[in-house]
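Each remark here refers to the structure printed beneath this line.
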Amino acid sequence: MDRHKRKGAGALGRPQKNGNVSGAAARSAAARRRALAARRRRARALRRRRILALLIMGFCLILLAVGLFFGVRGILKIAGQEGEISKENALSSECEAYRPVVEKLADNYDMGEYVDLILAVMMQESSGKLVDVMQSSECKFNERYPREPNGITDTEYSLQCGIQELRDNLQQAGCSGPEDLERIKVALQAYNFGSGYLNYLSREGQTQWIEENAQAFAKYASKEKKRGEDDPYRENAGPWDYGDQYYPEHVLRYYQ
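Written out as structure tokens, the structure is:
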């Protein structure tokens, strides 16, 4: 009786054991499916990230290419403009042809270090194309020819007078050398206006050239006479009917 019960109990226990095994297998299969699905999701996410990275990289390369194109184009444009400016502001061949004689005369007047400045003045005054190349007929050093525009008819004498006039103005302006541009500007304006400009600065307690004091002196020297609206000198030389009120800037274009 007891044996039958135990046997029966054993028989009833086997199906329960098989059910547990089947449940574990199902759970294991489900876990594998979930793991596989997770790997697939990670793989898809990785592919999306890679595609996104490639798109971003491609976009950046396009931007870089566009930037390089316009950057190089801009550099070439600027270089071209600078080349044009340099060409425009270069001394004419006529002025350069005078360099040997200018060097010789400059040494005679202790102006050897100012040869380039002398040539720049010549370029502004005549481009080396007039007999009175320095337009120095009206300066105090002209003792041979009429003191009127283009009164000098000897080119070398024009150079001698112009160099001495410039030297005198540089000294009065207190110029320390060819790199002292502030004093050179004062001397250049005096070359154009005459020594009265230096006296004016002294009276006003000023030591530097500025457009305002150049125009103030021109206003005084012209007795407040303005150039007409149709006067070609108004825009390039200033509003007052006396000299070139921008003369230092005009000369220094050629001073290299």
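So the mapping is simple: this note's numbering equals the position in the sequence shown, first residue as 1, plus 561.
Ideal placement from N, C-alpha and C gives every residue a C-beta, glycine not left out.
The structure displayed is predicted, hence computed values, not measured ones.
Item, Value
"With respect to the alpha helix (DSSP H) encompassing Y670, which residues constitute its N-terminal and C-terminal limits?", "Looking at the DSSP string, Y670 is not in any alpha helix (DSSP H), and its letter there is neither H nor E."
"Taking a contact to mean a Cβ-Cβ separation below 7 angstroms, would you say G689 touches S719 in this structure?", "no"
"So what's K746 in DSSP terms, helix, strand or just coil?", "helix"
"Less than 8 angstroms between the CB atoms is what I'm expecting for Y803 and A777, so what's the real figure, rounded?", "The pair is not a contact, with the Cβ atoms about 11 angstroms apart (cut-off 8 angstroms)."
"Reducing DSSP to helix, strand and coil, say where K701 ends up.", "coil"
"Take the Cβ of Q732 as the centre, count every other Cβ of all protein chains shown within 10 Å, and call the residue buried at 16 or more, exposed below.", "exposed"
"Hey, how far is the Cα of L615 from the Cα of R605?", "15 angstroms"
"Should G723 be labelled buried (16 or more other beta-carbon atoms within 10 Å of its own) or exposed?", "buried"
"Enumerate in chain order the residues of its own chain whose CB-to-CB distance from G789 is below 8 angstroms, with the five nearest sequence positions on each side excluded.", "R795"
"Evaluate N797 with the Cβ neighbour count: other Cβ atoms within 10 Å of its Cβ, from every protein chain shown; 16 or more gives buried, anything less gives exposed.", "exposed"
"Can you look up H811 in the DSSP assignment and give me helix, strand or coil?", "helix"
"Can you give the Cα-Cα distance for E717 and F630, rounded to whole angstroms?", "54 angstroms"
"Comparing C-alpha positions only, which one of E726, R764 and G766 sits nearest to Q750?", "E726"
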